[in-house]
Each structure stands twice: as structure tokens, then as C-alpha cells.
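Step one of this worksheet: look at the structure below.
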Amino acid sequence: MNAAIIFGLLLALMLTGMPISISLGLTVLSFLFFMTDVPIDAVALKLFTGIEKFEIMAIPFFILAGNFLTHGGVARRMINFATSMVGHWHGGLGLAGVMACALFAAVSGSSPATVVAIGSIILPAMVAQGFPKNFGAGIVTTSGALGILIPPSIVMVMYCVATTGHPQAASIGQMFIAGVVPGIMLACFLGFTTWYRARKFGYPRLPKASLKQRMHALRESFWGLLLIIVVMGGIYSGIFTPTEAAAMAAVYAFVVAVFVYKDMPLRRVPKVLLDSASMSAMLLYIITNAVLFSFLMTSEQIPQNMAAWILDQNMGVWVFLLVVNIILLAAGNFMEPSSIVLIMAPILFPVAMKLGIDPVHFGILIIVNMEVGMCHPPVGLNLYVASGITKMGITELTVAVWPWLLTMLIFLGLITYVPAITLWFPRLLGFM
32 MNAAIIFGLL LALMLTGMPI SISLGLTVLS FLFFMTDVPI DAVALKLFTG IEKFEIMAIP
92 FFILAGNFLT HGGVARRMIN FATSMVGHWH GGLGLAGVMA CALFAAVSGS SPATVVAIGS
152 IILPAMVAQG FPKNFGAGIV TTSGALGILI PPSIVMVMYC VATTGHPQAA SIGQMFIAGV
212 VPGIMLACFL GFTTWYRARK FGYPRLPKAS LKQRMHALRE SFWGLLLIIV VMGGIYSGIF
272 TPTEAAAMAA VYAFVVAVFV YKDMPLRRVP KVLLDSASMS AMLLYIITNA VLFSFLMTSE
332 QIPQNMAAWI LDQNMGVWVF LLVVNIILLA AGNFMEPSSI VLIMAPILFP VAMKLGIDPV
392 HFGILIIVNM EVGMCHPPVG LNLYVASGIT KMGITELTVA VWPWLLTMLI FLGLITYVPA
452 ITLWFPRLLG FM
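Take a look at the structure:
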């Protein structure tokens, strides 16, 4: 009964158009004030201790690094490198867009940043070369979602924060290394869809780049690509923690954008810092309220009761994972990824652990669901970002993305029911 009241109140507040973070906070406070005897000082204490986690500091640093890279010419050089490598294949510029999104995702950790950085450069070039606008828009909107699957990923950090405290919770390092193979695999899937449609409809190809041109493009993009090695190599060699790696990435991105490539004048740095602080504050506010919501769930024993109910139904792992996918895809219709992870992970995670599902596999499954949610209406974040770049309506964009969205759903099925895709690489490197 209490669960129905809590979720009913949350849904009612969200339907009024109220931001999710405020809806979460009001739901918690209303329920605690009127329906429980929990002392209010315990709520205040939880409010501060909930975000007093070292891991959360990684979020603002990755946001700052992504903003420096977005404005600092790194994306343009990555596109030139990708074009030199795959531009001569069918739909060359489209394939270069997928590859550039994958590379930029590996340094930014954010899907919207990837869509903006790559889309704003490659889309005009594709239209100028004779590609239909909706073809390019479909590629960039869906490939930009790689930003939350290919490490480092802000949403992966959110998942680890949301499940902290459970004895089987995955570490950020484990999640990052587990995202490598699925991320590359999804990029290949999206690339194949791009190639097939370009070949089918006879879209343009570029002349094959010479070895000299490729080496020049590699040298130009070297400092941006090196960030992948700095972050991932630093984490897995034990030189720094994921949070320290995020801080290192922010400093490195600043140096590359301002002093190496010199695409960003020093006078623009304060604006980048301010934009990053604004975005970080928004995410931290959501996290704070989600921590309160999780505290309410736990105090009312809702995750434990749900786990007991599911186990009583003798629901197998296959059926449970199908139900999880349906719930997360449905949530993606009206919530953005950070909110979904912070609300749903504390509820679904204990059930998954009781059923013997690996916490890292479960985390990647949630991330892939978030990717799909970012690319379909009505609240798909990437759709709105792409709409701003392409000047296309949401309905038109929804039609444009469907071949790649269908590819992502097939990939989601594989990730859900073939755990080895996610787990073999971390096991190979001894992280599990």
C-alpha cells in the first residue's frame, strides 16, 4: 500500500510538469511528514551524507573535461581521422560519424556532448556532399548515445553511486572496463546499419585516403586520442582512482584545448567553467533528491518486499530481465537517464542479486536501456539535442532514427541474455 502511495504521488507530481528532482524531494517530504514517524533531523542528515561520496566528485570533473573538448577543436580532428580511415566505404562520411562518436565518447563521458560536438561538424558536411539530412541525423542521434556506454561514462558513475552500500555493488573501475566491449560492439552494429543503408540507396563515398593523409590525420588528433590512454590506463594501472582520473581528464582537456590546439582563447574559459558548474549542480541536485527517495524506499522495506514477492512468483532470470527491460524502456518515455538510474537501480538491484544476476552485467543492461531511451520520444534527450543542431522536428527525427533504433533494440536483447559479452573482458584482465 505504501509503495502505491509513494509512486502514485511521484507520478502525479511529474505529470504536472514539475522537474523530476523537485518531484522526488516533495514526494519524500510529504510521505515522511504525514505518514511516518521518521524524525526530520534524520532526513536532513541523510540529505548531506547521501552525497558525501568520493565517487560523486568524478561527475563534475568529467562534465568539465567534456565541455573543454566540445569547444576545443578535438571533435573536428577526430572526425578528420575517422574520415581518413573509413571515408572510402559506402556512406563514408556517415561511417566516419559513427567512428568519431565512439572516439569522442571515450573522452567525454556524455551523450549530449557527443551529439553536439560531432553532429554540429559532420551533419553540414554530409548534407553538402549529397546525403539526405535525415540519414545524417539518424546516425548522429543514435551514435551519440555511445557516450554513456563507452567509458568513462557519467551514467555508470550514477549506477555505482545508486547501488553503493549493497555488499555486491560493482565498482566504477569494473563498470568502466565492462563497457569497453559492448561499446565497441554497438558502434560496429550502428556502423553496419549505416553501411547497409548507404549501399542500398547509393549514397556518396569519398576517395580513399593515402597512408600519408591517414598519418597526418592521426598526428592531428593524437592529443585528443591520448586522453583515452591517460584516463583508462591511469585507472587500470592503479596510478589513480576513477575520481582522480576525472580530475586529471579535466586538467588535460583544458591544456589541450587552450595551449596545444589553441582553439579556445583564455577569455572563453570562464564561460566553460560556468556552464560545467551549472550542469553539475543540476545533476547533484537530482542525486541528492534521489538519495532521499532511496532512503524512503529502504525505510519502508519496498525493495526487500518486492524481491520477496518476485521470488515467491518463481519468476526465472529470463522473465525478470525481460520485465526489467520493459520497465526501463517505459521509464525512458518520460524521464532522462540519470533520474531513471537513481530511482530504479536501488529498487531492482537487490532483486537481481537475489536471483544471482551479476551486478556488472546488470549495470551494463541498465546503461544500454538508457541509450535506447535517449533516442526515442517523447523525452529522448539526444532527439532534442539533435533537433537543435539539424533544425528538424521531433516527429521527423523519430522517423529518421528508426533503423538505428531497431539495431539498438537487437543489441539490447543480446546484452540481456548473453552475459559473456559484458563479463569476459573484465574477467580476462582480472577485475572480477
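Residue numbers (this note's numbering): 32 to 463. Yeah, the Cβ is synthetic: ideal placement off N, Cα and C, and Gly gets one too. None of the values given here were measured: they were computed from a predicted structure.
Hey, which unbroken runs of the beta strand (DSSP E) at 3 residues or more fall wholly within the segment 118-177? Counting only runs of 3 or more, we get nothing.
What residue does the alpha helix (DSSP H) around Ser202 start on, and which one ends it? Bounds of any alpha helix (DSSP H) do not take in Ser202, whose DSSP letter is neither H nor E.
Nearest residue (CA-CA) to Pro163, options Met423, Cys219 and Ala131: Among Met423, Cys219 and Ala131, the Cα nearest to that of Pro163 belongs to Met423.
To the nearest angstrom, report how far apart Thr384 and Ala201 are at their CA atoms. The question names Thr, but residue 384 in the sequence shown is Met. The alpha-carbon atoms of Met384 and Ala201 are separated by roughly 11 Å.
Less than 8 Å separating the beta-carbons of Ile270 and Pro457? Not closer than 8 Å, so no.
By DSSP, does Met189 sit in helix, in strand, or in coil? Note: Met189 maps to helix in three-state DSSP.
Determine whether the beta carbon atoms of Val117 and Ala127 lie at a separation below 8 Å. The answer is yes: Cβ separation under 8 Å.
Look at His197 and Phe380 and say whether their C-beta atoms are less than 8 Å apart. The criterion of a C-beta distance shorter than 8 Å is satisfied by His197 and Phe380.
Rounded to whole angstroms, what's the CA-CA distance from Gly363 to Phe393? Just pull it up for me. Taken atom to atom, the span from the alpha-carbon of Gly363 to that of Phe393 is near 17 Å.
Skipping 5 residues on each side, what residues in its chain have a beta carbon closer than 8 Å to that of Ile37? Apart from the 5 residues on each side of it in sequence, Ile37 sits with its Cβ closer than 8 Å to the Cβ of Thr58, Phe62, Leu327, Met328, Glu331 and Ile333 in its chain, given in chain order.
For Ser151, decide whether its Cβ has a neighbour in chain C, counting only Cβ atoms nearer than 8 Å. Any reference to chain C falls outside this structure, which holds one protein chain only.
If Ala338 and Ala193 are in contact, beta carbons under 8 Å, what's the gap, nearest whole angstrom? For Ala338 against Ala193, the beta-carbon gap comes to about 16 Å, at or over 8 Å, which does not count as contact.
Looking at Ile341 and Val382, is the spacing between their C-beta atoms short of 8 Å? Yes. Within cutoff.
Measure the beta-carbon distance from Pro368 to Val186 and round it to whole angstroms, keeping in mind my assumption that it falls under 8 Å. Contact flag correct, Cβ pair sits at about 5 Å.
Residue interval of the alpha helix (DSSP H) (run including Cys406): Here Cys406 belongs to no alpha helix (DSSP H), and DSSP marks it neither H nor E.
If you follow the alpha helix (DSSP H) that Phe351 is in, where does it begin and where does it stop? Counting along the chain, the alpha helix (DSSP H) containing Phe351 begins and ends at Val348 to Ala362.
Alpha helix (DSSP H) segment containing Val286, residue limits: Run containing Val286: Pro273 to Val286, per the alpha helix (DSSP H) assignment.
Quick one: give me the first and last residue of the alpha helix (DSSP H) that Met66 is part of. Segment Ile51 to Met66, the alpha helix (DSSP H) holding Met66.
I'd like to know whether the C-beta atoms of Ile181 and Ala240 end up nearer to each other than 8 Å. No.
Alpha-carbon to alpha-carbon, Met405 and Trp17: For the chain, the structure presents residues 32 to 463; residue 17 sits outside this window and is missing.
May I ask you to verify whether the segment 409-423 touches the segment 349-365, counting CB pairs closer than 8 Å and requiring at least 3? Flag = yes, the segment 409-423 and the segment 349-365 touch.
Along the alpha helix (DSSP H) that carries Ala431, what are the first and last residues, could you check? First-last of the alpha helix (DSSP H) with Ala431: Ile425 to Tyr448.
When burial is assigned at 16 or more other CB atoms within 10 Å of the CB, is His268 buried or exposed? First, the amino acid is wrong: residue 268 is Ser here, not His. Exposed, by the Cβ-count rule.
Excluding the five sequence neighbours on either side, which residues of its own chain have a C-beta within less than 6 Å of the C-beta of Ala276, listed in chain order? Correct list, in chain order: Val262, Gly265 and Ile266.
Compare the Cα-Cα distances from Ala288 to each of Ser252, Leu323, Ile358 and Thr421 and report the closest residue. Comparing Cα positions, the closest option is Ser252.
Excluding the 5 residues preceding and the 5 following Ile259 in the sequence, name in chain order all residues of the same chain whose CB lies nearer than 7 Å to its CB. Ala137 and Val138, listed in sequence order.
Spatial neighbours of Val74 within its chain, please: C-beta separation below 8 Å, excluding the five flanking residues on both sides. Val59, Leu60, Leu63, Leu323 and Phe326, listed in sequence order.
Assigned exposure category for Arg108 - 16 Cβ within 10 Å defines buried: Flag for Arg108 reads buried.
Among Met463, Trp433 and Tyr415, whose alpha-carbon lies nearest the alpha-carbon of Thr224? For Thr224, the nearest C-alpha among the options comes from Trp433.
What separation, rounded to the nearest whole angstrom, lies between the Cα atoms of Gly347 and Leu386? The straight-line gap from Cα to Cα measures roughly 8 Å.
Pick from Ala431, Gly255 and Ile179 that is closest to Asn165, judged by C-alpha positions: Of the candidates Ala431, Gly255 and Ile179, Ala431 places its Cα closest to the Cα of Asn165.
With the cut-off set at 8 Å, would you say Ser141 and Gly97 are in Cβ contact? Yes.
Under the three-state DSSP convention, the category Asp294 falls into: In the structure shown, the three-state DSSP call for Asp294 is coil.
Distance check for Glu86 and Pro273, CA to CA, integer angstroms please. Rounded to whole angstroms, Pro273 to Glu86 spans 8 Å at the Cα level.
Is Asp389 helix, strand or coil by DSSP? For Asp389, the secondary structure class from DSSP, reduced to helix, strand or coil, is coil.
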